[in-house]
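Residues 189 to 405, numbered by my numbering, are exactly what the sequence shown covers, in order.
Report on the structure given below.
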Amino acid sequence: MLTGTRAWSRVMAIVVLGALGGCDQVLARIDELADQQATDPAPAETPTPAEEEEVAQRPADSIARSETEVITFRNILRNEEMSREERIQALLKLDPAALQAPNSGAGSQPTQGSGPQARDRAPKDWEIANARRRVPVVMYSTTWCGVCNKARRYFEEQRISFVEYDVDKNASARAEYLSLNPRRTVPTIKVGNEVIVGFSEGAVGRALDDAARARLN
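Spelled out as structure tokens, the structure:
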């Protein structure tokens, strides 16, 4: 049975011979090898070991549990574990700037020439990349949380500055964390004005981009 590089090497050798000799039998052999290559099963790939999470044993007195899903503004409403009051509080804390952009001055409207003007062009990629690094990021975590390790590595690789609080050890941070996430799960990540419960690169990346664009407008 011929597979991979060996099979195609044989095919190429026969192609050269066929071109030189014009032999019908050689051309027939090419067709036969092509059919064999299409029907032979591919060799089994050696599985790559999954990356192990650096997870310590969860202490019995920890107030949090690890979050395996990603929760943002829209799916707070779908969370059946929350009471109505918890949903209201979570939504109020989640994105206070979502409904109305902040005014440039208390009770006043900006006039022409009196303040910064709106951009007349879309921000460039390099501007967004620079602004991403200035977005305030806070992560509420625990020492035993494996998902927190993934989030931490992501921020370090992307060179995103962030502040991290251990909710099992920091009482004031714990109060802030519980007001943002009544589910008591970690990580809970605040990116600008958006709160993300759990972690995925896509969700955090989108939040960073949105916050960066808001800073540039």
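In this text, a Cβ means the ideal position worked out from N, Cα and C, and glycines have one as well.
Bear in mind that the values here come from a model prediction, so they are computed numbers and not experimental data.
C-alpha distance - residue i paired with residue j, whole-angstrom precision
i, j, result
"residue 249", "residue 330", "12 Å"
"residue 367", "residue 399", "21 Å"
"residue 377", "residue 309", "31 Å"
"residue 356", "residue 252", "8 Å"
"residue 334", "residue 311", "36 Å"
"residue 346", "residue 340", "10 Å"
"residue 323", "residue 365", "19 Å"
"residue 390", "residue 257", "13 Å"
"residue 337", "residue 405", "33 Å"
"residue 369", "residue 315", "32 Å"
"residue 353", "residue 273", "26 Å"
"residue 403", "residue 344", "22 Å"
"residue 386", "residue 371", "11 Å"
"residue 320", "residue 342", "13 Å"
"residue 327", "residue 401", "21 Å"
"residue 379", "residue 397", "10 Å"
"residue 313", "residue 384", "24 Å"
"residue 382", "residue 395", "7 Å"
"residue 332", "residue 317", "31 Å"
"residue 362", "residue 388", "22 Å"
Where residue i sits in the DSSP three-state scheme
i, result
"residue 349", "coil"
"residue 378", "strand"
"residue 397", "helix"
"residue 323", "coil"
"residue 355", "coil"
"residue 225", "With a pLDDT of 44 at residue 225, under the threshold of 50, the modelled position of this residue cannot be trusted; read the value that follows with caution. In this structure, residue 225 counts as helix in the three-state DSSP scheme."
"residue 218", "Confidence is the limiting factor: at residue 218 the pLDDT is only 45, short of 50, which leaves the residue's position unreliable and the question unanswerable from this model."
Residue range of the unbroken alpha helix (DSSP H) whose run includes residue i
i, result
"residue 367", "359–368"
"residue 257", "It is not in any alpha helix (DSSP H) - residue 257 carries neither H nor E in the DSSP assignment."
"residue 310", "First-last for residue 310: undefined, no H or E at that position."
Closer than 8 Å to chain B by CB, residue i
i, result
"residue 245", "No chain B is present in this structure, which holds just one protein chain."
Nearest-angstrom Cβ-Cβ length linking residue i and residue j, presumed shorter than 8 Å
i, j, result
"residue 254", "residue 373", "7 Å"
"residue 360", "residue 325", "The Cβ separation is near 18 Å, so there is no contact."
Check: residue i C-beta below 7 Å from any heavy atom of the ligand NAP
i, result
"residue 334", "Among the ligands in the structure shown, none appear at all, so the ligand NAP cannot be discussed."
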